[in-house]
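Working notes, structure below.
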Amino acid sequence: MKSIKLSRKTLSFISALLISSLCGTQYAFSVYSTSVAERLGFSSVQINTIGSSANYGLFFFGPFFGYIVDTYPSRIIPMLASITIFTGYFCLAMTYQGYFPNSFLLCVFYLLLTGIASCAAHLSSMGTISANIKSYRGIAFGASMALFGLTAFIFSQINSLFFRGDTYHFLLFTAITTGVFIFIGSIFLVRVPQEESHEEIISPSEENSSTSSASLNNEERTPLLSRHEESDVRGRELFQNIDAMILGLTLLLIGGVGLMYMNNVGAIVKSLYLSTSTHPLLIDEEYFSSSLPSDHDLNKIQEYQNFHVTLLSLFSCSGRISVGLMSDLSKNMYNVRRLWFLLAASLYILIGQILAGFMIKDLNHLWISSTFIGFGYGHLFGISPTITNEWFGKIQFVLNWGIMACFISFGGQLFNLFFGYNFDKHKNDCSGLSCYNTAFYVSTIGSMISLCVVSTLLFKRRNQI
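Residues in the sequence shown are numbered from 7 upward in steps of one, following the numbering used here.
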């Protein structure tokens, strides 16, 4: 009986990891964004809005699905998500190929669907891990978040190996893969009741003392929760909490700046390639198009775009894993507060912004910027959920984190729109770095402000966790 229960939990955990590895496809947007923009005639502002819509779905629906997953856990949620994400990518592929109407608003809606589906599926997998795993939760959650961060790497590599320049079939592949495997994973995504979980770890001789032990644990936990008034802040109460709002502003600035680069690295790569190519191409009135680049040029641009999406994904993953381990060790051994790691995330992204916007003028060195920004973005997502959990309590953690994550989406939209507006404004009289560096003045200032905001939090909470 025990082996059956263990098998159910193991299979459910593997299914949760499978689902997580398919829920970060919005971070691979730069792989095909320029191709979609050229084929459908979208401006930089429009393609940025389309890319941001996936982030809207991922972040803005977090509170809603967090409440649903916590209150009404069911495999139906990821099953419906699998159908929704397939629909979104399939419709975008059909639009790209000309089978569906060429509509900017419809493309926004299609990517919004993929973001909503990713949000629902990912939170369902995290909720299942939380319910089933009682020991080594840090490792379990870390594995899930790391695979979520690796999604872009996985799909960019598949695109490089099998779909070079074939955006239509790559979008179809993304639709089928995410839809089918999230659905398969949801079949085995089950929550083992707590009673069963206790039976697995409690011997018959200990059963008589289990009730008294549980009562004692509850008594021990109560004073711990009451030590910090922030430890039971729920839902809308966050908007009345000063620390929560300052933390939200930090997420808006750091996350928004990071998303600006990640969503537009494809355009940056193409701009630098065309300006430094041995056969420079004149930019005309179409979005970032030229006097018909050769197939060789298009393939090289695609290779560079895939490379940078891969870098961002890998270093984001390593940032998520490393910051969790380092912050735990630093806090437990040296009493170093986790906010210092949020400050480090801001610093990494600031360095990346300065390099990309003002110092790097060719593709040979752009990897340095992608490395810093990917690592900083991973740090942000690795440490901010833990901070949210410790500051505002575990009772409604999923809902609280969903609300805090909305700030990242707001920031992404603000900085993305400015990048697109600036790019469209200069597209007819620019080359290389000059096409986009004005946007990096704003993002660099935003990163500097984030350093000040985190420093303010460090000082304000100097006597707290």
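Virtual Cβ for every residue (Gly too), placed ideally from N, Cα, C.
Simplified DSSP state of residue i, which is helix, strand or coil
| i | result |
| --- | --- |
| G261 | helix |
| E213 | With a pLDDT of only 42 at E213, under 50, the local geometry of the prediction cannot be trusted, and no value is derived from it. |
| H385 | helix |
| N469 | coil |
| I366 | coil |
| I409 | helix |
| G94 | helix |
| L423 | helix |
| Q246 | helix |
| R81 | coil |
| N108 | coil |
| V460 | helix |
| F321 | helix |
| I20 | helix |
| G30 | coil |
| V315 | helix |
| V329 | helix |
| Y73 | helix |
| D435 | coil |
| Q52 | helix |
| P199 | coil |
| I139 | coil |
| F161 | helix |
| Q3 | Within the shown structure, residues of the chain are numbered from 7 to 471, placing residue 3 beyond reach of any answer. |
| H175 | helix |
| H302 | helix |
| S169 | In the sequence as presented, Ser is not what sits at residue 169; that position holds Phe. Note: F169 maps to coil in three-state DSSP. |
| V239 | coil |
Given residue i as reference, the closest of the options once Cα atoms are compared
| i | options | result |
| --- | --- | --- |
| G241 | G408, S136 and N434 | G408 |
| C441 | T450, S21, F429 and Y447 | F429 |
| F154 | S192, Q402, L320 and V460 | L320 |
| Y267 | Q470, S41, L423 and F48 | L423 |
| A149 | I379, V448, F425 and C323 | C323 |
| A350 | F364, I389 and I366 | I389 |
| G476 | P391, L98, F421 and F194 | Nothing in the structure corresponds to residue 476, since the chain is present only between 7 and 471. |
| C113 | G358, G47, I188 and S192 | G47 |
| S136 | H432, S456 and F403 | F403 |
| R170 | G426, N469 and D303 | D303 |
| Y33 | N269, I366 and I274 | N269 |
| N165 | N434, F35 and H432 | F35 |
| L167 | N305, M151 and T101 | N305 |
| M132 | L117, A152, Y116 and L118 | A152 |
| F110 | S130, S50 and I89 | S50 |
| A99 | S277, T180 and V342 | T180 |
| T377 | L345, F106 and V271 | V271 |
| W346 | L244, F465, K367 and Y427 | F465 |
| V460 | L195, A250, S336 and G94 | A250 |
| V196 | Y174, T16 and G426 | T16 |
| L386 | V37, T134, L348 and C412 | L348 |
| N61 | C412, R45 and G94 | C412 |
| R468 | R343, L457 and M410 | R343 |
| L178 | Y427, G330 and Y95 | Y95 |
| P391 | N434, N338, R326 and Y427 | R326 |
Whole-Å CB distance - residue i paired with residue j, under 8 Å assumed
| i | j | result |
| --- | --- | --- |
| I360 | T450 | 6 Å |
| T316 | S162 | 5 Å |
| I160 | F92 | Not a contact, Cβ separation roughly 17 Å. |
| G68 | C29 | About 12 Å separates the two Cβ atoms, so there is no contact after all. |
| I83 | V75 | 7 Å |
| G380 | F446 | The Cβ separation is near 17 Å, so there is no contact. |
| F71 | L129 | 5 Å |
| Q38 | T134 | According to the sequence shown, residue 38 is Tyr rather than Gln. That belief does not hold up - the Cβ atoms of Y38 and T134 are roughly 31 Å apart, past 8 Å. |
| T282 | G438 | 7 Å |
heavy atom of the ligand ATP below 7 Å from residue i C-beta
| i | result |
| --- | --- |
| A60 | Absent from the structure shown: the ligand ATP. Ligands present: none. |
**Prompt:** Are at least three pairs of beta-carbons, each pair with one atom in the stretch 413 to 429 and one in the stretch 258 to 272, less than 8 Å apart?
**Reply:** Output reads yes: the stretch 258 to 272 touches the stretch 413 to 429.
**Request:** May I ask you to verify whether the stretch 51 to 71 touches the stretch 13 to 27, counting CB pairs closer than 8 Å and requiring at least 3?
**Result:** no
**Message:** When you compare the stretch 178 to 195 with the stretch 347 to 358, are there three or more beta-carbon pairs, one atom per stretch, that lie closer than 8 Å?
**Reply:** Contact fails: fewer than three Cβ-Cβ distances are below 8 Å.
**Request:** Would you be able to state if there are at least three C-beta pairs under 8 Å between the stretch 390 to 407 and the stretch 372 to 381?
**Result:** no
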